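Shown next, in structure tokens, is the structure this report addresses.
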Amino acid sequence: MSGAAALAAPAAGGLRARLGLLFCGFGIYYYLDAQIPFLRQAEGVTAGSDPVNAAVQLLLLAVGLGYALREPRGMARTLREALPFLALLALALLSVLWSQAPGATFRRCVGLATQFLFAFLLFRHLGFAAFQRLTLIVVLVAGGMSLATAALDPATGFDTGDYANAVRGVFLQKNNFGGALLAGAFALSYLVLRRGALAWRDAAAALLLLGLLALSRSATSAVLALLVMGLTLALLWL
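Position 80 of the sequence shown, counting from 1, maps to 80 under my numbering, and the rest follow consecutively.
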């Protein structure tokens, strides 16, 4: 059973399909910049020196390479279709030559390559529609976890400094939380436009996203999310 079918009916899929779906959800959670509770990165620690971040990167890279080696023809076809992204990756690698911190630049390039590989795996395993549906689910779960963190552990769940009253939840900073919620708004917009109709659950998800954006005090993400939702309604009306 494909990942898309497993997402639609997880009970009908095998253990392998559910594990694959769980791994995809974990990867999306990680690339949204959400932190693992109780293992969150310390303040001021860069991604390159954080052991938890390095372990997750290695896990995603190992599984992605394993999938690519298992289906070489399918991955080769995907890579041919993704040449613009590979060109961006090549440019990033080339920038190591003139970087003032080549070591840090190279580490970020490895992270970018891992992210691209994971994206290719998602499109091969899920397809775009199921990927967007899973993204929305992960964003809503991360939002719920963030609310719980703010309520149970305010010192961790709220930002610091000038934004001490802004919820950051399981994210390092309130703007990271806002960016993840904006990704959820894009995913919701795609799903609504693909269906061609607005359901009650879509309205509930939109209100939840906007409420979380208000709590995060991420003004830019909130404005963009409102713009996306407004354009979605306009397109449906047209």
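All C-beta atoms, glycine included, are put in the ideal place defined by N, C-alpha and C. Fair warning: this is a prediction, and the values are worked out from it, not measured in the lab.
Helix, strand or coil for residue i, going by three-state DSSP, please let me know.
i    : result
V139 : helix
V170 : coil
A5   : With a pLDDT of 44 at A5, under the threshold of 50, the predicted position of this residue should be treated as unreliable, and no value is reported.
A119 : helix
A34  : strand
A225 : helix
Taking 7 Å as the cut-off, decide whether the C-beta atoms of residue i and residue j are in contact.
i    : j    : result
A180 : V139 : yes
G169 : S146 : yes
A187 : T220 : no
A151 : V167 : no
L213 : Q132 : no
G64  : F128 : no
A142 : A225 : no
V271 : A185 : Coverage of the chain is limited to positions 1 through 238, which leaves residue 271 absent and any answer about it impossible.
G66  : R124 : no
C109 : L93  : yes
C24  : L122 : yes
T156 : S189 : no
Assuming the contact rule is C-beta atoms closer than 8 Å, residue i and residue j should be a hit. Round their C-beta distance to whole Å, please.
i    : j    : result
F120 : A82  : 6 Å
F85  : V96  : So it is not a contact: roughly 18 Å between Cβ atoms.
A183 : L32  : 6 Å
Q173 : D153 : The Cβ separation is near 16 Å, so there is no contact.
V52  : Y30  : Rounded, the Cβ-Cβ distance is 10 Å, inconsistent with contact.
L208 : L236 : No, L208 and L236 are not in contact; Cβ-Cβ is about 20 Å, not under 8 Å.
Can you list, in chain order, the stretches of the alpha helix (DSSP H) that have 4 or more residues and sit fully within the stretch 165-219?
The stretch 165-219 contains these whole alpha helix (DSSP H) runs: 174-195, 200-216.
Under 8 Å: do the stretch 101-118 and the stretch 50-64 share three or more Cβ pairs, one atom per stretch?
A contact exists between the stretch 101-118 and the stretch 50-64.
Please give me, in chain order, every unbroken run of the alpha helix (DSSP H) with length at least 4 that falls completely inside the stretch 61-115.
Listed in chain order, they are 72-81, 83-94.
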